[in-house]
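Report on the structure given below.
Have a look at this one:
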């Protein structure tokens, strides 16, 4: 397990020992791979959503369409988001590219707070930043991406 997993589990154990009711939520625990380019994942994959019979939609946004990623020589990679089709709740996020291990925390927050694609898309992300890829990815899932061509139907 990664250090942040052990730390979170330790905090939950300590809080429970002190009589507080605390729970560890694996769905919001990101997995990070510290390579170049970085990779990170949180929540469900498409395969897991299919296996659970969840009706879902997917958004993708390439790092090559983000100015800050290009400035960082990180045009390789993408952000991928999995969301429930009925309500648009964020179920999973997967990132390959610059600062992926930092960006994934927005996915963990979205899952833990039960944010929808509309709420994520309505969040203003500063420019130029790699975090803009998160909003663009949500917009892509909704069919409203601004900085990439629309998907073919």
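Residue numbers (our numbering): 1 to 153.
Where is the CB? At the ideal position from N, CA and C, for every residue including glycine.
Since we're looking at a predicted model, the values are computed, not measured.
Buried versus exposed call for residue i [16 or more other C-beta atoms within 10 Å across all chains shown]
{"i": "residue 151", "result": "exposed"}
{"i": "residue 80", "result": "buried"}
{"i": "residue 20", "result": "exposed"}
{"i": "residue 141", "result": "buried"}
{"i": "residue 49", "result": "buried"}
{"i": "residue 121", "result": "buried"}
Nearest residue (CA-CA) to residue i, options the options
{"i": "residue 23", "options": "80, 78, 8, 34", "result": "8"}
{"i": "residue 240", "options": "141, 94, 127", "result": "Residue 240 is absent from the model: the chain starts at 1 and stops at 153."}
{"i": "residue 28", "options": "101, 147, 125, 113", "result": "113"}
{"i": "residue 136", "options": "98, 145, 130", "result": "145"}
{"i": "residue 26", "options": "85, 138, 55, 111", "result": "111"}
{"i": "residue 32", "options": "61, 100, 6, 125", "result": "100"}
{"i": "residue 58", "options": "85, 52, 77, 132", "result": "85"}
{"i": "residue 78", "options": "71, 60, 143", "result": "60"}
Cβ of residue i within 7 angstroms of any chain B Cβ
{"i": "residue 121", "result": "Of the chains in the structure shown, none is chain B; there is only one protein chain."}
Rounded distance between the beta-carbons of residue j and residue i, thought under 8 angstroms
{"i": "residue 96", "j": "residue 37", "result": "6 angstroms"}
{"i": "residue 93", "j": "residue 130", "result": "Rounded, the Cβ-Cβ distance is 14 angstroms, inconsistent with contact."}
Whether residue i touches residue j by CB criterion (7 angstroms)
{"i": "residue 40", "j": "residue 30", "result": "yes"}
{"i": "residue 106", "j": "residue 134", "result": "yes"}
{"i": "residue 109", "j": "residue 88", "result": "no"}
{"i": "residue 139", "j": "residue 82", "result": "no"}
{"i": "residue 115", "j": "residue 98", "result": "no"}
{"i": "residue 119", "j": "residue 125", "result": "no"}
Straight-line gap, residue i to residue j (C-alpha atoms, nearest Å)
{"i": "residue 2", "j": "residue 34", "result": "11 angstroms"}
{"i": "residue 66", "j": "residue 90", "result": "22 angstroms"}
{"i": "residue 10", "j": "residue 52", "result": "30 angstroms"}
{"i": "residue 76", "j": "residue 5", "result": "28 angstroms"}
{"i": "residue 154", "j": "residue 15", "result": "With the chain covering 1 to 153 only, the question about residue 154 has no answer from this structure."}
{"i": "residue 204", "j": "residue 56", "result": "There is simply no residue 204 to check, as the chain begins at 1 and stops at 153 in what is shown."}
{"i": "residue 47", "j": "residue 18", "result": "39 angstroms"}
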